[in-house]
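One structure is given here, and the rest of the page talks about it.
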Amino acid sequence: MTAALGEHASVLVLDDDSEFAVELGSHLGAERRDSDDGEAVETHAAAPDGVGDEHLVGADVTVVVDEAGLDRVRAVERVGAVVASVDDPTGRIATDPLVDAVAGSPEALSETVSWLLARDRRSVVRSEPTRTPSRIEQLNAGMTELAAVRSVDEAYRATIAVAEQVFPEFQCVVAVRDGEWVEPVVASSGTPVEDCNRVRVGAGVAGRAVQTGDASIAPNPNPESRFDTVLTVPVGDDVVFQLAAGADADEFDGADRRLAELLASHLEETLDRIDVTETLRGERDRLLALFTNVPDPAIAYDYVDGDPIVRQVNDAFEATFGYDADEVLGESVDDYIVPADAESEADDLNERLQRGENVRREVTRTTTEGLRHFILHVIPIHLDAANAAGYAIYTDVTDRREREETLRRQNERLDEFASIVSHDLRNPLSVAEGYVDLARETGDVDHLEKAADAIDRMDEFVADLLSLARQGRSVGETESVSLAAIAHEAWSSVDTDGATLTVEADGTLEANRTRLRELLENVFRNSVEHGSTSSRTGSDDSVEHGRDSPDDPLSVRVGAGTLHDDDGEAVPGFYVEDDGVGLPEDADRVFESGFTTEESGTGLGLAISERIAEAHGWTAHALAGADGGARFEFRTG
Numbered sequence: 002m003t004a005a006l007g008e009h010a011s012v013l014v015l016d017d018d019s020e021f022a023v024e025l026g027s028h029l030g031a032e033r034r035d036s037d038d039g040e041a042v043e044t045h046a047a048a049p050d051g052v053g054d055e056h057l058v059g060a061d062v063t064v065v066v067d068e069a070g071l072d073r074v075r076a077v078e079r080v081g082a083v084v085a086s087v088d089d090p091t092g093r094i095a096t097d098p099l100v101d102a103v104a105g106s107p108e109a110l111s112e113t114v115s116w117l118l119a120r121d122r123r124s125v126v127r128s129e130p131t132r133t134p135s136r137i138e139q140l141n142a143g144m145t146e147l148a149a150v151r152s153v154d155e156a157y158r159a160t161i162a163v164a165e166q167v168f169p170e171f172q173c174v175v176a177v178r179d180g181e182w183v184e185p186v187v188a189s190s191g192t193p194v195e196d197c198n199r200v201r202v203g204a205g206v207a208g209r210a211v212q213t214g215d216a217s218i219a220p221n222p223n224p225e226s227r228f229d230t231v232l233t234v235p236v237g238d239d240v241v242f243q244l245a246a247g248a249d250a251d252e253f254d255g256a257d258r259r260l261a262e263l264l265a266s267h268l269e270e271t272l273d274r275i276d277v278t279e280t281l282r283g284e285r286d287r288l289l290a291l292f293t294n295v296p297d298p299a300i301a302y303d304y305v306d307g308d309p310i311v312r313q314v315n316d317a318f319e320a321t322f323g324y325d326a327d328e329v330l331g332e333s334v335d336d337y338i339v340p341a342d343a344e345s346e347a348d349d350l351n352e353r354l355q356r357g358e359n360v361r362r363e364v365t366r367t368t369t370e371g372l373r374h375f376i377l378h379v380i381p382i383h384l385d386a387a388n389a390a391g392y393a394i395y396t397d398v399t400d401r402r403e404r405e406e407t408l409r410r411q412n413e414r415l416d417e418f419a420s421i422v423s424h425d426l427r428n429p430l431s432v433a434e435g436y437v438d439l440a441r442e443t444g445d446v447d448h449l450e451k452a453a454d455a456i457d458r459m460d461e462f463v464a465d466l467l468s469l470a471r472q473g474r475s476v477g478e479t480e481s482v483s484l485a486a487i488a489h490e491a492w493s494s495v496d497t498d499g500a501t502l503t504v505e506a507d508g509t510l511e512a513n514r515t516r517l518r519e520l521l522e523n524v525f526r527n528s529v530e531h532g533s534t535s536s537r538t539g540s541d542d543s544v545e546h547g548r549d550s551p552d553d554p555l556s557v558r559v560g561a562g563t564l565h566d567d568d569g570e571a572v573p574g575f576y577v578e579d580d581g582v583g584l585p586e587d588a589d590r591v592f593e594s595g596f597t598t599e600e601s602g603t604g605l606g607l608a609i610s611e612r613i614a615e616a617h618g619w620t621a622h623a624l625a626g627a628d629g630g631a632r633f634e635f636r637t638g
């Protein structure tokens, strides 16, 4: 419904914050008093789920602040206007077809509601007047027409229409500056605008009004015109409103000038409103275009009870994260993309954003295809103030992170190789050089045999280094292979020195056949070389570790099946276990490159095995065997 003249206008705020409605009512009351309009405005608030249909239908203007309010309005047949009081003019609430206007501040909301009330009064059915309205009443009534227009051309035509009612004995024209000329654009009915003359800025009464900004009543300088006197009022910097009086019309008086200036001021306010509206609309469209077309995933969000609720996503978000817009709209974005181990980080982020901080950080987020790394840049609507809305942009840096990680591993491997080359290769090289020098000095060729032994050790080092260098993060093509078959192949390639191999449980592994064989060869070689004698004491204590006699051959067992992790949870995998002297005291170092307890060892065999396991996605573990020997587990799940 729409309030008639002299009745109360009704404004309903769909929000349970009564102070908001009181503040709006105070602003509206002051504006109505300043406008000399006797119409009162009643403003009250109600929660969307607590207001009846009759109150919604009976309100002249309904103010919504969230989706709940908009849904409540949508549920009834409405007559009054709907205003969205929100920060973001591009959001779902502001752009909903039900919304007639948007306001981003209390002052803008008051002005917008006043405008809508004035606009809607024009549709009120009134009884026939008992007296002729005064000119000021006609002017005030005509202001509703100006308040309702949405374009500059409409504003000019509405001004002429009002002027014809208020000044029926005069001719009216609106002229606009165009460069160095003042061009007539709209004139009273009966006066074609083509018959109105244009003037240069600074020339004629219209040109001087544009230049000086002063209103005037002056004789018409055009001797050929049928109008004797012209009342000219500037409207802003580039527009003039003119009234022209003929020879048979009364002369302009002070009242005419005051009414003309009042009409011009209303036109100026209307033009300013249209300019601001167009500016906001343009900014909204540019922001929407930027949001839609930015190549990085982006979301627009509102905080509801501390959760960032998605109100809009762009195409890049759907493509990168794998969620359709309809799936996440209205939901907390954290529920979809924040990993379980990053919840505390997300909570801290939300607190900072609601305080108005601008946040930029590197984060890990979940997509439908797994975890990815992003630079997250979040911009609240208002910086350094309490916030309920903003924008988040995710720049995918997963490939960069992986390149950095690959480079880090390569650098570590280079350092590792440099350490081995500088230390472990230098020693046998020095030994070889020493024995060669002795052979030269003494002529004793027996020294050359010892130099040859040192060179053989260097050759072994070089072979292991090359093998270690080939072990990357990728294993190439894999296939289903039998652990027993690969174990026997690997065993046949190792100098076992009388040791025996037993496959206790066969199993099928998804692996690269060549790389798995190399893994087992190195573990077998380690058992044979280190399992028979104790490098920790220099004595044989094999009797204490599973074998009846130090002369008994070493036993190596292999099996696949269910293992247990450090927490006792069952995991799939396979193992290699011997009954030798067991692990050294610093067993946690056995997979380090260059670590060995034997003078003749390279310390690279188990490091190579661990690299191969990692390349398959497995983990390697060194444990004490059941018979006191060493057990190496490779957990594949």
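Just so you know, we're using the working numbering here: the sequence shown kicks off at 2 and counts up by one. No residue lacks a Cβ here, since even glycine has one placed at the ideal position from N, Cα and C.
Task: Cα-Cα separation, ALA486 to GLU442 - done: Each residue's Cα considered, the two are about 54 Å apart.
Task: Cβ-based neighbour list, HIS56, same chain, cut-off 8 Å, excluding 5 preceding and 5 following - done: So the list reads LEU13, ALA47, once near-sequence residues are dropped.
Open item on the list: Just to confirm my understanding: we take ASP325, look at its own chain, exclude 5 residues before and 5 after, and list those with CB closer than 7 Å. What are they?
Closed with: Excluding sequence neighbours, ASP325 sits near GLU319.
Open item on the list: Please report the distance separating the alpha-carbon of ASP18 from that of THR63.
Closed with: Rounded to whole angstroms, the gap between the alpha carbons of ASP18 and THR63 is 15 Å.
Open item on the list: Pairs of beta-carbons, one from the segment 89-96 and one from the segment 296-316, closer than 8 Å: are there three or more?
Closed with: Judged by Cβ distances under 8 Å, the segment 89-96 makes contact with the segment 296-316, as three or more pairs qualify.
Open item on the list: Only counting the same chain, and skipping five residues up and downstream in sequence, which positions put a Cβ closer than 8 Å to that of GLY391?
Closed with: Correct list, in chain order: ALA301, TYR302, LEU354, VAL379, ILE380, PRO381, ILE382.
- [ ] Assign GLY618 to one of two classes, buried (16 or more other C-beta atoms within 10 Å of its C-beta) or exposed (fewer than that).
- [x] It is exposed - the Cβ of GLY618 has fewer than 16 other Cβ atoms within 10 Å.
Task: Of the listed residues SER528, GLY574, ALA621, nearest to LEU584 (C-alpha basis) - done: Out of SER528, GLY574, ALA621, SER528 has the C-alpha closest to the C-alpha of LEU584.
Open item on the list: Can you find the residues in the same chain that come closer than 8 Å, C-beta to C-beta, to THR369, ignoring five residues on each side of it along the sequence?
Closed with: Once the five neighbours on either side are set aside, the close Cβ partners of THR369 are PHE322, GLY323, TYR324.
- [ ] Answer with buried or exposed for ALA481, where buried requires no fewer than 16 other C-beta atoms within 10 angstroms of its C-beta.
- [x] According to the sequence as given, residue 481 is Ser; it is not Ala. Exposed, because fewer than 16 other Cβ atoms sit within 10 Å of the Cβ of SER481.
Open item on the list: In whole angstroms, give me the CA-to-CA distance for LEU263 and ALA149.
Closed with: LEU263 and ALA149 have their C-alpha atoms some 18 Å from each other.
TODO: Give the straight-line distance between the Cα atoms of GLU165 and ASN221, rounded to the nearest whole angstrom.
DONE: One C-alpha to the other measures close to 20 Å.
Open item on the list: Going by beta-carbon coordinates alone, are LEU71 and PHE171 separated by less than 8 Å?
Closed with: At the C-beta level, LEU71 and PHE171 stay beyond 8 Å of one another.
Task: ALA76 burial status per 10 Å Cβ neighbour count (16 or more: buried) - done: Classification for ALA76: exposed.
- [ ] Below 8 Å CB to CB, which residues in the same chain sit around GLU505 once its five sequence neighbours on both sides are set aside?
- [x] Take GLU505, set aside five residues on each side of it, and the residues of its chain with a beta-carbon closer than 8 Å to its own are ARG558, VAL559, GLY560, in chain order.
Open item on the list: Checking 8 Å against the spacing of the C-beta atoms, do ALA69 and PRO49 come in under that value?
Closed with: For ALA69 and PRO49, yes; Cβs fall inside 8 Å.
- [ ] Would you kindly work out how many angstroms separate the C-alpha atoms of ALA204 and ASN223, rounded to a whole number?
- [x] Answer to the nearest angstrom: the Cα atoms are 12 Å apart.
Task: Pick from VAL446, VAL463, VAL364, VAL234 that is closest to PRO340, judged by C-alpha positions - done: Nearest to PRO340 by alpha-carbon distance, out of VAL446, VAL463, VAL364, VAL234, is VAL364.
- [ ] Tell me where the alpha helix (DSSP H) around SER610 begins and ends.
- [x] Where SER610 is concerned, the enclosing alpha helix (DSSP H) starts and stops at 606-616.
Open item on the list: Checking the sheet assignment: what are the DSSP bridge partners for ALA245?
Closed with: Within the DSSP secondary-structure output, ALA245 pairs in a beta bridge with GLN172, VAL231.
TODO: Return the bridge partner residues of PRO381 from the DSSP annotation.
DONE: GLY391.
Task: Rounded separation between ALA290 and TRP182 - CA only - done: About 37 Å.
Task: Anticipated Cβ contact below 8 Å, LEU117 with VAL74, distance rounded - done: Contact flag wrong, Cβ pair sits at about 14 Å.
Task: C-alpha gap between ASP507 and ASN513, whole angstroms - done: Between the alpha carbons of ASP507 and ASN513 lies a gap of roughly 17 Å.
TODO: Using beta-carbon positions only, say whether ASP593 and ALA616 come within less than 8 Å of one another.
DONE: The sequence shown places Glu at residue 593, rather than the Asp named in the question. Going by C-beta atoms, GLU593 is not nearer than 8 Å to ALA616.
TODO: Please name the residue, chosen from ARG612, TYR576, THR503, GLY581, that lies closest to PHE633 on a Cα-to-Cα basis.
DONE: The residue with the shortest Cα to Cα distance from PHE633 is TYR576.
TODO: Would you kindly work out how many angstroms separate the C-alpha atoms of ASN198 and PRO185, rounded to a whole number?
DONE: In a straight line, the C-alpha of ASN198 is about 7 Å away from that of PRO185.
TODO: On a CA-only basis, which of ALA627, VAL572, ALA625 is nearest ARG636? Give me that one, please.
DONE: For ARG636, the closest alpha carbon among the candidates ALA627, VAL572, ALA625 is that of VAL572.
Open item on the list: Going residue by residue through the segment 65-111, where are the continuous beta strand (DSSP E) segments of at least 3 residues, counting only ones entirely within it?
Closed with: The segment 65-111 contains these whole beta strand (DSSP E) runs: 82-86, 102-104.
Task: ALA210, buried or exposed, once every other Cβ within 10 Å from all chains shown has been counted against 16 - done: Answer is buried; the Cβ neighbour count reaches 16.
Open item on the list: From the DSSP secondary-structure annotation, give me the bridge partner or partners of VAL62.
Closed with: DSSP lists VAL12, ALA82 as partners of VAL62.
Open item on the list: Going by DSSP in three states, GLY562 sits in which element: helix, strand or coil?
Closed with: Strand at GLY562.
Open item on the list: Is the beta carbon of THR230 closer than 8 Å to that of ALA246?
Closed with: Result yes, Cβ atoms of ALA246 and THR230 sit closer than 8 Å.
Open item on the list: I'd like to check one pair, ASP239 with VAL177: are the Cβ atoms closer than 8 Å?
Closed with: Cβ atoms of VAL177 and ASP239: closer than 8 Å.
TODO: Could you spell out the range, first to last residue, of the beta strand (DSSP E) harbouring ALA631?
DONE: Segment 631-636, the beta strand (DSSP E) holding ALA631.
Open item on the list: On the DSSP letters alone, give me the boundaries of the alpha helix (DSSP H) that THR213 sits inside.
Closed with: Membership of THR213 in the alpha helix (DSSP H) is indicated by the continuous run 205-213.
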